[in-house]
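J.:
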C-alpha cells in the first residue's frame, strides 16, 4: 500500500517469507559450528591441539561473534537486514575456505575464530531482528518453527559428514561445506525491512532540512551578536580617545584602564572558548555513544540479571554441545559411526523439543524464563547421568534424547527472554549488550572447562564444572524471583 498506509502487517503476509529466509540462512551457515567436534576431531589431533586450546578456539569464536554486539545496534540502524546478511554470508564462506587450509593453531584461530566469528556476529542480529519485527502475537510459534527448521542440520549432516570425511578428508569436507554456506545468499535476498509508512523517509528528510536550517540560523545570530559586541567596544574606545581638556584627563585615565581590562577580559574569554568547545565535544561524544548503545539498559536490574544468567549458561552449554562428539569418541570410546548415530538421535529430539514444547508452553501460559530454566536443569541432569552410564550404548542413546529435548527448548526460549524484558524499539541494543556479555564470559569461563580436563586428566570434573555453571543461572533467576515476590 502507499500514501502512508501500512505496507506490512505483523504475523502474516511477508512475515512467513522472512521466517523461511531466516531458516535458509541458519541451515546454510550453522553446520560448521553445530558439528565442530565431529568435523575437526582428526585435524585437532594432527595439530596436537590440547583440550584447553580447543576450548579457547570455541570460545574465542564465540567472543568475537558476540563482540559484534557492540556495533549491532548502530549497524542495524544504518544497514538494511539484507545488506547485513549478504556481508555476513560472504565473510563466513571466506572463513570456511580459509579454515580448510589452516595448518597451525594461529591460522586456525584467524580462520575459524576471527573470520567466521565476525560473519556470524553480523548475520545473526539481522535475522533475529527481522523475525522479532515481523512477528508479534505469534512470535513464540514463529521462533519454534525457525529453530525447528534450523535443527534439521544436526539430524542429516552427521551421517553426511561421515561419508564426506571418509571420501574427501577434512579439507575436502570443509570446501563442500563452504559451497553449502553460499545458499545463505538466497535467504538474504528474501529479507525485506518492515516499513509501516511509505512517507517515513520523506518526513525524516524534511526534519533533517529543518534542523539544519535552525542550526544555521542560530550560528548567524551568534555571529551577529559577536559583531555588535566588537563594534560597541571599538566605538567606546574611539569616544574616549577623542575626549579633550584637563577636566576629562582623569576620566580618560579611568577609561584607559577600563579599555585595558576589557581587552584582557576579551582575550581571556577567547582563550576559554576552545576549552569549553573541547569539553562540549567530549561530552557530546560520550553521550552519543551511550545513546547509540542504549546504556541506560544497564540501570535495569531485571535486565542485568537476565543477561548475566544467560551469558554464564551460554558459555557452559556451548562448550558441551560443541565438544560432545570428542567426549563420546575419547571418553566413551565410541566409533565414528556410533557417534554420528548419537548426534542424529539428539538432533531428532532437538527438533521435537523445538516444535512441540513451545506449543505446550504457549497453551499452559509458561513464561520464556521458566522454560529456559527447565532446559538448563534437563541438560545438567543428563550430564550427571552420562557419567554413570558412559559404558552403555543404549543408555547413551536414551540420554541423547534428553540432551536433545533440553537443547531444543533452550534454542527456542533463549531468543525470547530478552524480547520479553525490553520494548521492541530497544531490542537491537539489548540484544547487542547480551552478545557483548556472552563474549566476555565465554572467553573468561570457557577455557577454564578445558583447563579442568587437562589438569585432572578426565572429563568427569569438566562435566561437573559445566553443569555447575548452567545451574548458576537457575540459582540467580530463582533468587531474583524470590526477592521480587
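Numbering (the numbering used here), first residue to last: 2 to 486.
Beta carbons are placed, not taken as given, at the ideal position from N, Cα and C, and that holds for glycine.
(1) Pairing CB atoms from the region 372 to 380 with CB atoms from the region 184 to 195, are three or more of them under 8 Å?
(2) Is the region 477 to 485 touching the region 80 to 98 in the sense that three or more CB pairs, one from each, lie closer than 8 Å?
(3) Given a threshold of 16 other Cβ atoms within 10 Å of its Cβ, counted over all protein chains shown, does residue 421 qualify as buried or as exposed?
(4) Quick one: complete alpha helix (DSSP H) runs, 4+ long, within the region 280 to 366?
(5) Do you know offhand how far residue 383's Cα is from residue 321's?
(6) Got a sec, what are the start and stop residues for the alpha helix (DSSP H) residue 370 sits in?
(7) Ignore the nearest five residues each way along the sequence and tell me which others in residue 381's own chain have a CB closer than 7 Å to its CB.
(8) Starting from residue 411, trace the alpha helix (DSSP H) in both directions and tell me its first and last residue.
(9) DSSP three-state label for residue 421, please.
(10) In terms of alpha-carbon separation, which member of 152, 171 and 85 lies closest to residue 120?
(11) How should residue 44 be labelled, buried or exposed, when 16 other C-beta atoms within 10 angstroms of its C-beta is the threshold for buried?
(12) Does DSSP put residue 159 in a helix, in a strand, or in coil?
(13) Once the 5 residues before and after residue 172 are set aside, which same chain residues still bring their CB inside 6 Å of it?
(14) Would residue 413 and residue 448 qualify as a contact pair, given that the criterion is a beta-carbon distance under 8 Å?
(15) Considering only residues of the same chain and omitting the five flanking positions on each side of residue 31, which have a CB-CB separation below 8 Å?
(16) State the DSSP-derived secondary structure class of residue 132, mapped to helix, strand or coil.
(17) So residue 431 and residue 419 are in contact, right, with Cβ under 8 Å, and what is the actual spacing, rounded?
(18) When the Cα of residue 126 is compared with those of 143, 51, 147 and 72, which residue comes out closest?
(19) Rounded to a whole number of angstroms, what is the C-alpha to C-alpha distance between residue 476 and residue 442?
(20) Please name the residue in 434, 87, 485 and 368 whose C-alpha comes closest to that of residue 303.
(21) Restricting to Cα atoms, I'd like to know which of 310, 105, 142 and 296 is closest to residue 46.
(22) So residue 298 and residue 453 are in contact, right, with Cβ under 8 Å, and what is the actual spacing, rounded?
(23) For the alpha helix (DSSP H) that contains residue 455, what are its first and last residues?
(24) Report yes or no: do the region 397 to 411 and the region 330 to 347 share at least 3 C-beta pairs separated by less than 8 Å?
(25) Is it buried or exposed, residue 411, if we count other Cβ atoms within 10 angstroms and call 16 or more buried?
(26) Select from 95, 156 and 170 the residue whose C-alpha is nearest the C-alpha of residue 180.
(27) For residue 151, report the span of its alpha helix (DSSP H) as first-last.
(28) Around the C-beta of residue 223, are 16 or more other C-beta atoms found within 10 angstroms, so that it is buried, or is it exposed?
(29) Assuming the contact rule is C-beta atoms closer than 8 Å, residue 174 and residue 162 should be a hit. Round their C-beta distance to whole Å, please.
(30) In whole angstroms, give me the CA-to-CA distance for residue 350 and residue 35.
(31) Between which two residues does the alpha helix (DSSP H) harbouring residue 468 extend?
(32) Short check: CB of residue 440 to CB of residue 67, under 8 Å?
(33) Would DSSP call residue 28 helix, strand or coil?
(34) Please list, in chain order, all residues of the same chain as residue 62 whose beta carbon is under 7 Å from its beta carbon, the five residues on each side excluded.
(35) Classify residue 60 as buried or exposed, calling it buried when 16 or more other Cβ atoms lie within 10 Å of its own Cβ.
(36) For residue 388, which residues of its own chain have a beta-carbon under 7 Å away from its beta-carbon, when the five flanking residues on both sides are left out?
T.: Well, looking at it:
(1) In this structure the region 372 to 380 does not touch the region 184 to 195; the number of beta carbon pairs closer than 8 Å is below three.
(2) The region 80 to 98, when compared against the region 477 to 485, does not touch it at the 8 Å Cβ threshold.
(3) Around the Cβ of residue 421, a 10 Å sphere holds fewer than 16 other Cβ atoms; the residue is exposed.
(4) 302 to 331 and 337 to 365
(5) Distance from the CA atom of residue 383 to the CA atom of residue 321, rounded to whole angstroms, is 12 Å.
(6) 369 to 389
(7) 468, 471 and 472
(8) Element bounds for residue 411: 394 to 414.
(9) helix
(10) 85
(11) buried
(12) helix
(13) 101
(14) Note that the C-beta distance between residue 413 and residue 448 is not below 8 Å.
(15) Apart from the 5 residues on each side of it in sequence, residue 31 sits with its Cβ closer than 8 Å to the Cβ of 151 and 154 in its chain, given in chain order.
(16) Residue 132 falls in the helix class under three-state DSSP.
(17) 5 Å
(18) 72
(19) 17 Å
(20) 485
(21) Ranking the options by Cα distance to residue 46, first place goes to 105.
(22) Actually they are not in contact, since the Cβ atoms of residue 298 and residue 453 sit about 33 Å apart, beyond 8 Å.
(23) 428 to 457
(24) Segments in contact, yes.
(25) buried
(26) 95
(27) 140 to 151
(28) Only weak support is given to the placement of residue 223: the predicted model assigns it a pLDDT of 44, under 50, and the value that follows is read from those uncertain coordinates. Answer is exposed; the Cβ neighbour count stays below 16.
(29) 6 Å
(30) 15 Å
(31) 460 to 485
(32) yes
(33) helix
(34) 113, 114, 117 and 118
(35) buried
(36) 461 and 464
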